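Mapped onto the UniProt record's numbering, the consecutive letters of the sequence shown carry residue numbers 1 to 67.
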Amino acid sequence: MQMSRKIAGFLVAVAVFMIFEWINLGFNLADGHPTAFYVVHGVLIGVNILLGIALGVIGLRGLAKRP
1 MQMSRKIAGF LVAVAVFMIF EWINLGFNLA DGHPTAFYVV HGVLIGVNIL LGIALGVIGL
61 RGLAKRP
């Protein structure tokens, strides 16, 4: 399957945004919540960073294969 440069660039942009936003959220979590709150948000942050990395890899591969 081929991917246009526009779609590949969009995937890279979404990946950068996701990684930046979720890392920022991780640093902005306030103290005073129950442990379960931090566990759930930690899992959400980890999963979304992995999704961002996957989207970035797909987008970069799409950009690299296009002439």
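By construction, the Cβ of each residue, glycine as well, lies at the ideal position given by its N, Cα and C atoms.
These figures come from a predicted structure and were not determined experimentally.
TODO: Under 6 Å Cβ to Cβ from Gly62, same chain only, skipping five residues before and after it: list those, please.
DONE: So the qualifying residues of the chain are Met3 and Ala8.
TODO: Reducing DSSP to helix, strand and coil, say where Gly32 ends up.
DONE: coil
Open item on the list: Which of the three DSSP states is assigned to Met18 in this structure?
Closed with: helix
Open item on the list: Against chain D, does Leu29 count as a neighbour if the rule is that its beta carbon must be under 8 Å from one of theirs?
Closed with: The structure shown contains no chain D; it is built from a single protein chain.
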